[in-house]
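For what it's worth, my numbering labels the leading residue of the sequence shown as 407, then goes sequentially.
Every residue, glycine too, gets a C-beta built ideally from N, C-alpha and C.
Data first, discussion second: the structure below is written as structure tokens.
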Amino acid sequence: MKTTTKRVVQLIVEQCVAKGMRHVVCSPGSRNAPLVIAFNQHPEVECIVIPDERCAAFYALGISQQTSRLVGVACTSGSASLNYYPAIAEAYYQQIPLIVFTADRPISWVNQGDGQTIVQHEVFKNHIRYSITLPEFAGGEEYEWYINRECSEALFKANGNIKGPVHFNLPFSEPLYSQEDLVRSPVNTIDVVESNSQFSEAQIIQIIDAWKKYPKKMILCGQMKPDLALENVLNQFVNDDSVVFLVENTANQVNNQFIQCIDRTLENISPQELSDFVPDLLITIGGAVVSKKIKSFLRNNKPKETWKVGYDFLFMDTYMSMNLTFPMLPFSFFKQVLGVKPSVQSNYRNRWKQKDYVAQDKAIDFIISQVEICDLTVFNILQDSIPENSELHLANSSVIRYAQLFNPIKSINTWCNRGTSGIDGSTSTAIGAAFANSNTWHTLITGDISFFYDSNAFWNKLKLPNLRIFLINNSGGGIFKIIPGPDTTEELNDFFVFNHQFSAEYICKAFNINYFKANSLNEIDEQLKTFYTYDESSNSALMEIFTPNNLNDKILKEYFRSLS
407 MKTTTKRVVQ LIVEQCVAKG MRHVVCSPGS RNAPLVIAFN QHPEVECIVI PDERCAAFYA
467 LGISQQTSRL VGVACTSGSA SLNYYPAIAE AYYQQIPLIV FTADRPISWV NQGDGQTIVQ
527 HEVFKNHIRY SITLPEFAGG EEYEWYINRE CSEALFKANG NIKGPVHFNL PFSEPLYSQE
587 DLVRSPVNTI DVVESNSQFS EAQIIQIIDA WKKYPKKMIL CGQMKPDLAL ENVLNQFVND
647 DSVVFLVENT ANQVNNQFIQ CIDRTLENIS PQELSDFVPD LLITIGGAVV SKKIKSFLRN
707 NKPKETWKVG YDFLFMDTYM SMNLTFPMLP FSFFKQVLGV KPSVQSNYRN RWKQKDYVAQ
767 DKAIDFIISQ VEICDLTVFN ILQDSIPENS ELHLANSSVI RYAQLFNPIK SINTWCNRGT
827 SGIDGSTSTA IGAAFANSNT WHTLITGDIS FFYDSNAFWN KLKLPNLRIF LINNSGGGIF
887 KIIPGPDTTE ELNDFFVFNH QFSAEYICKA FNINYFKANS LNEIDEQLKT FYTYDESSNS
947 ALMEIFTPNN LNDKILKEYF RSLS
């Protein structure tokens, strides 16, 4: 096997492999040839080629979501690197260990009119855990000590207790394609021994006293990866009447004793009853929360205390009431208070669950009464059609909001790019995930604007018979008819919704995607009979479902009125 003659690249690659990197997503170019050669020739690394750098970075994001490993992306110099930024920001807020390699021209040529040369040093500095430009030319023991030391620090910053993207900017001079035999030698890595925070005896007393004295405790779970250990410990609290769990689909914590559709339940609480539902103690775990209603509820009705549990963003005070933050795993935190009983009687959980049951019954009655196809009835069908023990990927905007109106299914893991909540890489992320985890079904539900925006995601050579896509085409950005504000302007249809009559049919033909089409609920049912037929020699399949642009928002508003 061969590798590049660039010693700096040889050292970086071996450090990455030693720390568990097994996938690198490369985009065609010339300046990044040393990186491509070194990674592609390495026996422990699998490289895939994605021409569009923006898509490539989201592919890597999806691979890392599924594998929980470091995943690399490598591009040429110039504007190519800037296309990584949306996925880098997403990885930063989702805590995904993305390793970004940008090839660069020699520093002496920056801002000197040379082609494909921009200022790349720390170009991602606002959304990166670590960034360094490493010198190409040097030699000897001190040089290798320096490169190895910097690599160890960067990879720790990517994958320690606090995770996130890191950036290696690598100026390369010509020749770029020179190779030599790959000779592997022991890697000098620096490991960090991290410990999960433990309470002191005084802190335990303080926490237990607070836990005992408050009869209304709310645990709000934001976006998280599936975590069986955490699920097992949280499930042991369901019989504590002083504790209510509010979870979203993306929290991947499913229990029918939890409040699993927050907006649906909140809509069933009258203004006169609000004070009974405000928590004394709010504990937040996980990342982003979709529901604007719960944010408004907690900001306007502040708990007596708010605790944040987790390593990331220690001072992120989403609900404007935080007074304690615990840099530790949620699992470890809840183990500390397991079995502690409140010192006063409480029916807090039951009060929430009664509202939840009523709201669920009202929601079912309303949906059953709808005979026309619309976004709401489509979601009702799709939720029941996704195979068990599979992965569900949700695009942003209206798709993720509709999904929160339906109870999650325990055997299905739910994913969405809620770090920055952008529409720019939903398809690419799902495809990367399907590639990385090829032994299970992956289903993406997306809207038309998200789909067309990221249609270059299909520009690849991968065969993904395990990927299915539901494209809900309502002829524009339906979210702007749902949220308050845009409908008060003359620009609603052309500038916010962006009404259109485009279809995905010929995109699917161009990229050899099996295409299905439905204009009614009955047609969806018919198409579903063969939609998930598996043939490992075939490619992905997409069902485009057309819903009425002029009805969707009206039916959704009626739905919420029916819950009040």
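Since residue 716 and residue 464 should fall inside the 8 angstroms C-beta cutoff, what is the C-beta to C-beta distance between them, to a whole number of angstroms?
By a beta-carbon distance limit of 8 angstroms, residue 716 does not contact residue 464. Their separation comes to about 24 angstroms.
For my contact list, residue 783 and residue 927 are in at a C-beta cut-off of 8 angstroms; report their separation, rounded to the angstrom.
6 angstroms
Checking 8 angstroms against the spacing of the C-beta atoms, do residue 948 and residue 966 come in under that value?
No, they are not a contact pair.
Assuming residue 453 is part of the beta strand (DSSP E), what are its boundary residues?
452-455
Under 8 angstroms, do residue 494 and residue 533 count as touching if we go by C-beta distance?
Contact: yes.
Is it true that the segment 582-594 meets the segment 435-449, where meeting means three or more beta-carbon pairs spaced less than 8 angstroms apart?
yes
Locate the beta strand (DSSP E) running through residue 510, then write down its first and last residues.
Following the DSSP letters along the chain, one finds residue 510 inside the beta strand (DSSP E) bounded by residues 504-510.
The beta strand (DSSP E) with residue 431 in it runs from where to where?
429-432
Under three-state DSSP, which class holds residue 551?
helix
Given a cut-off of 8 angstroms on the beta-carbon distance, is the pair residue 961 and residue 780 in contact?
yes
Measure from the alpha carbon of residue 580 to the alpha carbon of each residue in 438, 531, 637, then state which is nearest.
438
Short Cβ contact (8 angstroms threshold) for residue 828 with residue 556:
no
If you reduce the DSSP assignment to three classes, tell me which class residue 373 lands in.
The question about residue 373 has no answer here: the residues shown for the chain are numbered 407 through 970.
Hey, quick one: how far does the beta strand (DSSP E) through residue 585 stretch, first residue to last?
585-587
What does a CB cutoff of less than 8 angstroms around residue 481 pick up in its chain, not counting 5 residues either side in sequence?
432, 433, 435, 438, 459, 462, 487, 489, 490, 507, 508, 509
Range covered by the alpha helix (DSSP H) that runs through residue 778
Careful: residue 778 lies outside any alpha helix (DSSP H) and carries neither H nor E.
Among the residues of its own chain, which have a CB less than 7 angstroms from the CB of residue 859, if the five just before and after it don't count?
829, 830
Select from 907, 643, 869 the residue whose C-alpha is nearest the C-alpha of residue 879.
907
In chain order, what residues of the same chain have a beta carbon less than 7 angstroms from the beta carbon of residue 524, not counting five sequence neighbours either side?
484, 485
Could you please give the first and the last residue of the uninterrupted beta strand (DSSP E) stretch that includes residue 924?
920-924
Among all the DSSP beta bridges, which residues are the ones paired with residue 850?
As DSSP reads the structure, residue 850 sits in a beta bridge with 799, 875.
For the segment 628-692, which segments carrying the alpha helix (DSSP H) assignment without a break, of at least 4 residues, lie completely within its bounds, in sequence order?
634-641, 668-672, 680-683
Note the first and the last residue of the continuous beta strand (DSSP E) segment covering residue 950.
That run of the beta strand (DSSP E) goes 947-952.
Apply the 10 Å Cβ neighbour rule to residue 984 and answer buried if 16 or more other Cβ atoms are within range, or exposed otherwise.
Summary: the structure shown does not reach residue 984, with the chain confined to residues 407 through 970, and so no result is reported for it.
For the beta strand (DSSP E) containing residue 714, list its first residue and its last residue.
711-715
Measure the beta-carbon distance from residue 804 to residue 882 and round it to whole angstroms, keeping in mind my assumption that it falls under 8 angstroms.
Not quite, the Cβ-Cβ distance comes to about 10 angstroms (not below 8 angstroms), so this is no contact.
Note down, in chain order, each residue of its chain lying with its Cβ closer than 8 angstroms to the Cβ of residue 933, except the 5 sequence neighbours on either side.
922, 923, 924, 949
What is the residue span of the beta strand (DSSP E) that residue 732 lies within?
Per DSSP, residue 732 is one residue of the beta strand (DSSP E) stretching across 730-732.
Boundaries of the alpha helix (DSSP H) in which residue 440 is found, first to last residue
439-447
Going by CA-CA distance only, name the one from 729, 810, 565, 942 that's closest to residue 698.
810
For a test of the three-state rule: what should DSSP assign to residue 962, helix, strand or coil?
helix
Exposed or buried, which one is residue 901 when buried takes at least 16 other CB atoms within 10 Å?
exposed
Where do the N-terminal and C-terminal ends of the alpha helix (DSSP H) with residue 498 fall, by residue?
That run of the alpha helix (DSSP H) goes 491-500.
Residue closest to residue 685, alpha-carbon to alpha-carbon, out of 801, 650, 734:
Comparing alpha carbon positions, the residue from 801, 650, 734 closest to residue 685 is 650.
For the beta strand (DSSP E) that residue 478 lies in, which residues bound it at each end?
477-481
Residue 807 burial status per 10 Å Cβ neighbour count (16 or more: buried):
buried
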